[in-house]
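What follows is one structure encoded as structure tokens, with my remarks underneath.
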Amino acid sequence: MLKVDVVKKLGDFSVEVKFTSAGRVTGLFGSSGAGKTSLINMIAGLLKPDRGTIAIDDDVLDDTAAGIHVPSYRRRIGYVFQDARLFPHLDVTQNLHYGRRMNGVAYHAADLDRIVGLLDIGHLLARRTGQLSGGERQRVALGRALLMRPRLLLLDEPLGSLDAARKAEILPYLVRLRDEGGVPMVYVTHDPNELRRLEAEVVMLQGGRVVAFGGVEVLPAVTPFSESRDGGPGVGEHLLQ
Amino acid sequence: MLEISSAEWTAVLLSLKVGVVATLVATPFGVAIAWLLARYDFWGKSILDALVHLPLVLPPVVTGYLLLLTFGRRGMIGGWLAEHLGLVFAFRWTGAALACGIMSFPLLVRPIRLSIEAVDRRLEQAASTLGAAPWRVFFTITLPLALPGVLAGMVLGFAKAIGEFGATITFVSNIPGETQTISAAIYTLTQVPDGDAAAMRLVLVAVAISMVALVASEWFARRATQRLHGV
Chain A
1 MLKVDVVKKL GDFSVEVKFT SAGRVTGLFG SSGAGKTSLI NMIAGLLKPD
51 RGTIAIDDDV LDDTAAGIHV PSYRRRIGYV FQDARLFPHL DVTQNLHYGR
101 RMNGVAYHAA DLDRIVGLLD IGHLLARRTG QLSGGERQRV ALGRALLMRP
151 RLLLLDEPLG SLDAARKAEI LPYLVRLRDE GGVPMVYVTH DPNELRRLEA
201 EVVMLQGGRV VAFGGVEVLP AVTPFSESRD GGPGVGEHLL Q
Chain B
1 MLEISSAEWT AVLLSLKVGV VATLVATPFG VAIAWLLARY DFWGKSILDA
51 LVHLPLVLPP VVTGYLLLLT FGRRGMIGGW LAEHLGLVFA FRWTGAALAC
101 GIMSFPLLVR PIRLSIEAVD RRLEQAASTL GAAPWRVFFT ITLPLALPGV
151 LAGMVLGFAK AIGEFGATIT FVSNIPGETQ TISAAIYTLT QVPDGDAAAM
201 RLVLVAVAIS MVALVASEWF ARRATQRLHG V
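In order, the protein sequence lines correspond to chains A and B.
Numbering follows my numbering, in which position 150 of the first sequence is assigned residue number 150; successive positions increment by one, without gaps.
Numbering follows my numbering, in which position 216 of the second sequence is assigned residue number 216; successive positions increment by one, without gaps.
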């Protein structure tokens with residue numbers, strides 16, 4: 001169960017969000033500038049809320065009134081970024097093991113085999129990251145986050161930089177991950193179809209506020225926010241760069 | 001003509017020793033200061049920046065004299081070090097290494113700072129979400145990604161250390177076998193009759209060392225850059 005109740009001011013823009021979600025997949029839905037990335041960065045611990053609390057089950061990660069702010073490296077929350085952020089000086093195998101090593105998780109060949117199989121990345125293990133396609137990079141980034149055995153997985157528009165064909169290639173893996181991964185996910189997107197496929201519990205954001213909450217039926221039939229990537233980053237994203 | 005005498009070899013080997021020790025000892029400090037300057041805003045940052053660059057603009061004789069005042073046997077720091085750690089700089093090769101390290105410090109720090117500034121902070125964020133505490137982020141992500149700059153800085157610093165003359169001769173004098181580096185030896189040879197052939201031999205050695213250092217740094221930088229692009 002993820003409980004979020006935060007306030008964060010970012011220049012002229014502010015995020016004031018409160019929700020509780022027990023779903024296997026929580027979808028943060030909205031146009032760019034709605035505050036999705038700021039919110040997910042707060043859950044990850046990369047951004048500190050001005051006021052409020054963030055908790056997973058009974059474990060409090062942020063509580064500004066009590067002076068609690070668990071740093072990102074102690075949260076054990078896997079984060080898959082839109083741009084994958086694989087480490088270029090490490091090969092695919094080393095990338096996969098990075099989070100596991102940093103968290104002191106013992107190596108289990110079965111773990112690796114299961115995740116490599118789930119994401120179908122066995123043939124990529126010896127490659128350098130520069131030799132991967134966009135879709136392959138995202139799958140490796142997913143594997144890297146999963147191998148550290150996270151208690152929550154954050155996915156920030158993981159398909160955002162991919163074309164339609166690549167999206168169709170990755171989505172089935174995400175559905176499998178939902179069913180077989182055993183890790184709750186927070187999935188950020190501006191594409192309602194992705195959330196429908198994942199049967200997410202939807203938190204709809206606009207201007208830094210929650211405007212709707214519920215099942216996929218709260219999603220618009222057609223995308224009301226025709227997001228253009230060349231339209232520049234949203235307010236929150238801009239401030240985080 | 002090309003027969004290098006043992007006295008000349010002594011100067012060459014001493015130069016290499018001084019250059020290597022100066023570079024290796026200065027590098028950790030250089031990385032730490034480059035990282036501070038690249039990543040943090042703090043009170044006195046511009047003063048630290050100016051201090052680092054000071055040896056570049058001060059006359060080397062002035063730097064050497066200041067070293068003599070502070071690190072000489074009766075100097076504030078030099079006296080303490082000699083008494084408590086038995087570490088003597090005055091008129092020793094260690095003093096030559098200290099002078100070379102300080103004179104080459106600005107050249108060492110600059111490329112390292114630039115390469116740390118160029119490291120993508122988003123990769124460091126990713127490492128943090130993967131469980132890496134800040135110091136592990138530095139050693140597993142920041143430093144490896146800044147490696148081309150660190151190597152470039154080390155080679156530049158080494159080349160400068162090999163060629164240092166003014167501060168060294170002022171601080172530790174020109175003692176054959178102890179503080180007489182290639183530069184000092186060449187200078188001495190040009191001051192005596194029939195020193196020309198020996199001076200020329202040392203000049204050729206100095207050119208060779210510099211060339212090897214430059215080629216090596218190019219090679220390292222190219223390899224490291226390839227690594228950074230993930231190929």
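Backbone N, C-alpha and C define an ideal beta-carbon position, used for all residues, glycine too.
From a predicted model like this one, the values you see are computed outputs, not experimental measurements.
I'd like the span of the alpha helix (DSSP H) that includes residue i, first residue to last.
i, result
"L147 of chain A", "134-147"
"R39 of chain B", "6-39"
"K160 of chain B", "147-163"
"T190 of chain B", "182-190"
"K9 of chain A", "It is not in any alpha helix (DSSP H) - K9 of chain A instead sits in the beta strand (DSSP E) that spans 2-10."
"G242 of chain B", "This structure does not reach residue 242 of chain B, given that chain B is present from 1 up to 231, and the question cannot be answered."
When the distance is taken between beta carbons, is residue j closer than 8 Å to residue i?
i, j, result
"R92 of chain B", "A82 of chain B", "no"
"R166 of chain A", "L198 of chain A", "no"
"G45 of chain A", "S72 of chain A", "yes"
"G208 of chain A", "V15 of chain A", "yes"
"V18 of chain B", "T181 of chain B", "yes"
"L28 of chain A", "K36 of chain A", "yes"
"L129 of chain A", "R137 of chain A", "Per the sequence shown, residue 129 of chain A should be read as Thr rather than Leu. Closer than 8 Å, so yes."
"A99 of chain B", "V21 of chain B", "no"
"A185 of chain B", "L202 of chain B", "yes"
"I102 of chain B", "T129 of chain B", "no"
"S115 of chain B", "P148 of chain B", "yes"
"G78 of chain A", "D62 of chain A", "no"
"I169 of chain B", "A146 of chain B", "no"
"R149 of chain A", "V218 of chain A", "no"
"F158 of chain B", "T23 of chain B", "yes"
"E194 of chain A", "L118 of chain A", "no"
Applying a beta-carbon distance threshold of less than 7 Å, which residues of chain A neighbour residue i?
i, result
"L228 of chain B", "P88, H89"
"R39 of chain B", "Simply none; closest approach about 16 Å."
"I141 of chain B", "F87"
"R223 of chain B", "Near R223 of chain B there are no residues of chain A at all, since even the closest Cβ is about 11 Å away, more than 7 Å."
Given a threshold of 16 other Cβ atoms within 10 Å of its Cβ, counted over all protein chains shown, does residue i qualify as buried or as exposed?
i, result
"T190 of chain B", "exposed"
"A66 of chain A", "exposed"
"V250 of chain B", "Any question about residue 250 of chain B goes unanswered here, given that chain B covers just 1 to 231."
"K160 of chain B", "buried"
"A97 of chain B", "buried"
"Y107 of chain A", "exposed"
"K45 of chain B", "exposed"
"A109 of chain A", "exposed"
"V192 of chain B", "exposed"
"V155 of chain B", "buried"
"K8 of chain A", "buried"
"Q125 of chain B", "buried"
"S5 of chain B", "exposed"
"H229 of chain B", "exposed"
"E157 of chain A", "buried"
"A118 of chain B", "exposed"
"L51 of chain B", "exposed"
"F139 of chain B", "exposed"
"P106 of chain B", "buried"
"A197 of chain B", "exposed"
"I233 of chain B", "A query on residue 233 of chain B cannot be resolved here, the shown segment of chain B reaching from 1 to 231 and no further."
"H123 of chain A", "exposed"
For the beta strand (DSSP E) holding residue i, just list the boundary residues, first then last.
i, result
"D245 of chain B", "As shown, chain B starts at 1 and ends at 231. That puts residue 245 of chain B outside it, with no answer to give."
"V203 of chain A", "201-206"
"K18 of chain A", "13-21"
"R209 of chain A", "209-214"
"M185 of chain A", "185-189"
"G52 of chain A", "51-56"
"T93 of chain A", "Where T93 of chain A is concerned, there is no enclosing beta strand (DSSP E), although the alpha helix (DSSP H) it sits in stretches over 92-102."
"V215 of chain B", "From DSSP, V215 of chain B is part of no beta strand (DSSP E) but of the alpha helix (DSSP H) over 196-228."
If the cut is a Cβ gap below 8 Å, which residues of chain A does residue i touch?
i, result
"A126 of chain B", "Y79, F81, R85, F87"
"P148 of chain B", "Per Cβ cutoff of 8 Å: no residues; P148 of chain B is ~11 Å from chain A at best."
"L66 of chain B", "In chain order: nothing, as chain A lies at least about 40 Å away."
List the residues of chain B that residue i touches, going by C-beta distances under 8 Å, in chain order.
i, result
"M185 of chain A", "Per Cβ cutoff of 8 Å: no residues; M185 of chain A is ~14 Å from chain B at best."
"L46 of chain A", "Q125, S128, T129"
"S133 of chain A", "By Cβ distance, chain B contributes nothing, its closest Cβ being about 13 Å from S133 of chain A, past 8 Å."
"S72 of chain A", "Q125, S128, T129"
Using a Cβ cut-off of 7 Å, pull out every chain B residue sitting near residue i, in sequence order please.
i, result
"N103 of chain A", "G131"
"M148 of chain A", "L130, G131"
"Y107 of chain A", "Under the 7 Å cutoff, chain B gives no residues; its nearest Cβ is about 15 Å from Y107 of chain A."
"R76 of chain A", "G131"
"G99 of chain A", "L130, G131"
Determine the chain C residues that contact residue i at a beta-carbon separation under 8 Å, and present them in chain order.
i, result
"R144 of chain A", "Chain labels in this structure do not include chain C; the protein chains are A and B."
What residues of chain A sit near residue i, judged by a beta carbon separation below 9 Å?
i, result
"P144 of chain B", "F87, H89, L90"
"R136 of chain B", "Y73, M102"
Listed from N- to C-terminal order along the chain, which residues in the region 161-180 of chain A have their beta-carbon within a distance smaller than 8 Å of any beta-carbon of chain B?
-> none
Between the region 91-105 of chain B and chain A, which residues of the former have a C-beta closer than 7 Å to a C-beta of the latter?
-> none
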